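Residue numbers (my numbering): 1243 to 1820. Below is one structure, written out as structure tokens; comments come after it.
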């Protein structure tokens, strides 16, 4: 290399490679061992360094003495001082002055090490404020001591400062909660075990909850959830709903029909999970409860004396319609219905293939369906609401699961043709000419407008405002013919209507309830001793009470929360003995 020319980066890599090759040779290893022995000898490095006559690195002189033996022959040129830093590059290094290569490499290395040891700057994410609050956003304005003082003043009005279940309404108002939180508050403080709650135990419970739960959804879940859980199962709602049955003025007539308490509670629980449990997990989380209108409906229980006005969850008329429909199909009155029983619904309107899919376990919980081919009353609640209102998200998911034969999340053309074949056969038996599948398919694709050609997803159906027409075309012959008789424009206008209009389910329940009341009025004259509004209901209850008493649906409750629900988890094999 010419004197004064700096090595280029590519040559630097080559030099490093040659250095490693030199270092791996056996002769080099022997030389290094020899040098190590010389360094360990007393006075070795100092004497050599003194002969050098000028200051330098302490191990530069031993490296001179430790050169390979192959270079010690006669006539071999003696290496210059600059050659000791880079042994294999000595022959080409003829520039004068101190070596440049070695110090530059070592200095560069020191700079890199220094940078690695420098403390990293604080991450930018540390400055981002907290945005996820699973138990509600903390509120600084809450004066916990003032709330506790108000609760203590309320308890001071009770004998021995202990509150019974009848006193919990005043305690709930002191806590700033709706009236019908009294049942969960009583149970959350351990009152169901002792029959009353002391002020100290309740204050400790409420103070702890205020520190960890910062909104109504988190508080409600905390009060009802089982120990160690963080989400609500179906049985967790029983104490709350039993208190509603016992104390709401709109359900006063049920006090003398205690065997129907569990039927009503089961219906409300299924409607809660049908609407709130959007994940189909069987357990309601704080997030799901927060996104629903359930707590708003609970607050309305205090102001609305007519329970039938709360149509989303608590309406007794809706329960009455659902249970009477189930009772008509349950011909042997074993409180379970099989495929033949369910096929009789709406005069055999639903196709056999869809009935088979319902009993396949696609939309039911537990193993009883697979083992015995029967569904319970709880499963029937989901079926009836989904059948009569196919516009809600849960009903669309319900029927999509049934039509998705292979469970791949997509309705293929094969699956649509599978269900449409039976519709064609039934139309032929009625002397009605059916559309060829290709023509029907074109109509349905134009109706749904799927994003991907040849496949319909759940998202496509949820965006479609005429999902009910789509489903009825493939498995409900009566409603399919009804849609065909009406113009599609009128159907679309009905789906476009906004405002406080009734849903399809509410409309169906109101019509069926009127029919049932009218049938009772024709069958048995009303008794003047009863109010006209409640007489048909009481008569129907009286007609059903005797056969139901032979096998109670649930164990008759003896106190708050003493109702046993059927288990709906997949691990349950049999029903509990009645």
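Each residue gets a CB set at the ideal place from its N, CA and C atoms; glycine is no exception. Being a predicted model, the structure only gives us computed values, none of them experimental.
Taking all protein chains shown into account, do 16 or more other C-beta atoms lie within 10 angstroms of the C-beta of residue i, making it buried, or fewer, making it exposed?
| i | result |
| --- | --- |
| residue 1575 | exposed |
| residue 1375 | exposed |
| residue 1256 | exposed |
| residue 1509 | buried |
| residue 1448 | buried |
| residue 1674 | exposed |
| residue 1427 | buried |
| residue 1789 | Here residue 1789 scores only 36 on pLDDT, less than 50, and its place in the model should not be relied on; the value that follows carries that caveat. Answer is exposed; the Cβ neighbour count stays below 16. |
| residue 1476 | buried |
| residue 1271 | exposed |
| residue 1692 | buried |
| residue 1653 | buried |
| residue 1373 | exposed |
| residue 1701 | exposed |
| residue 1618 | buried |
| residue 1381 | exposed |
| residue 1709 | buried |
| residue 1478 | buried |
| residue 1278 | exposed |
| residue 1724 | exposed |
May I ask you to report which of helix, strand or coil DSSP gives residue i?
| i | result |
| --- | --- |
| residue 1580 | strand |
| residue 1626 | helix |
| residue 1467 | coil |
| residue 1616 | strand |
| residue 1588 | coil |
| residue 1605 | coil |
| residue 1718 | strand |
| residue 1708 | coil |
| residue 1654 | strand |
| residue 1760 | helix |
| residue 1647 | coil |
| residue 1700 | helix |
| residue 1526 | strand |
| residue 1474 | strand |
| residue 1773 | Low per-residue confidence applies at residue 1773: pLDDT is 40, beneath 50, and the placement is therefore not dependable, though the value from the model is reported in the following sentence. Here residue 1773 sits in coil by DSSP. |
| residue 1513 | helix |
| residue 1817 | With a pLDDT of 38 at residue 1817, under the threshold of 50, the modelled position of this residue cannot be trusted; read the value that follows with caution. Here residue 1817 sits in coil by DSSP. |
| residue 1728 | coil |
| residue 1354 | Its pLDDT being 45, under 50, residue 1354 is placed unreliably by the model, and the measurement read from it follows with that caveat. Note: residue 1354 maps to helix in three-state DSSP. |
| residue 1520 | coil |
| residue 1431 | coil |
| residue 1377 | coil |
I'd like the list of long-range same chain contacts for residue i, defined as Cβ closer than 7 Å, with 5 residues on each side in sequence excluded.
| i | result |
| --- | --- |
| residue 1616 | 1578, 1579, 1580 and 1610 |
| residue 1683 | 1655 and 1658 |
| residue 1438 | 1404, 1405 and 1406 |
| residue 1443 | 1431 and 1432 |
| residue 1680 | none |
| residue 1491 | 1547 |
| residue 1262 | none |
| residue 1396 | 1412, 1413 and 1416 |
Would you mind giving the Cβ-Cβ distance between residue i and residue j, rounded to the nearest angstrom? I have them listed as a contact below 8 Å.
| i | j | result |
| --- | --- | --- |
| residue 1711 | residue 1689 | 7 Å |
| residue 1745 | residue 1631 | 6 Å |
| residue 1703 | residue 1661 | The Cβ separation is near 14 Å, so there is no contact. |
| residue 1378 | residue 1455 | 6 Å |
| residue 1480 | residue 1507 | 6 Å |
| residue 1416 | residue 1512 | Wrong, their Cβ atoms sit about 33 Å apart, outside the cutoff. |
Report all residues from its chain with a CB closer than 6 Å to the CB of residue i; omit the five preceding and five following residues, and keep chain order.
| i | result |
| --- | --- |
| residue 1640 | 1605 and 1628 |
| residue 1386 | 1452 |
| residue 1536 | 1518 |
| residue 1400 | 1409 |
| residue 1676 | 1666 and 1669 |
| residue 1583 | 1571 |
Counting only beta-carbon separations shorter than 8 Å, does residue i have a partner in chain C?
| i | result |
| --- | --- |
| residue 1654 | Looking for chain C here will not work: only one protein chain is present. |
Can you name, in chain order, every residue of its own chain whose Cβ lies under 8 Å from the Cβ of residue i, other than the five neighbours on each side?
| i | result |
| --- | --- |
| residue 1598 | 1581 |
| residue 1595 | 1660, 1661, 1664 and 1717 |
| residue 1371 | none |
| residue 1699 | 1651, 1652, 1653, 1692 and 1693 |
Any contact of the region 1623-1630 with the region 1505-1523, i.e. 3+ C-beta pairs under 8 Å?
yes
Between the region 1587-1602 and the region 1554-1562, do three or more beta carbon pairs fall short of 8 Å?
no
Is the region 1397-1404 touching the region 1481-1490, taking contact as three or more C-beta pairs under 8 Å?
no
I'd like to know if the region 1657-1666 and the region 1713-1726 are in contact, where contact means that at least 3 CB-CB pairs between them fall below 8 Å.
yes
Touch check for the region 1558-1572 and the region 1747-1755: three-plus C-beta pairs under 8 Å?
yes
Any chance the region 1642-1651 sits against the region 1527-1539, with 3 or more Cβ pairs inside 8 Å?
no
Under 8 Å, with one C-beta from each stretch per pair, do the region 1408-1415 and the region 1466-1476 reach the 3-pair mark?
no
Report yes or no: do the region 1422-1434 and the region 1447-1467 share at least 3 C-beta pairs separated by less than 8 Å?
yes
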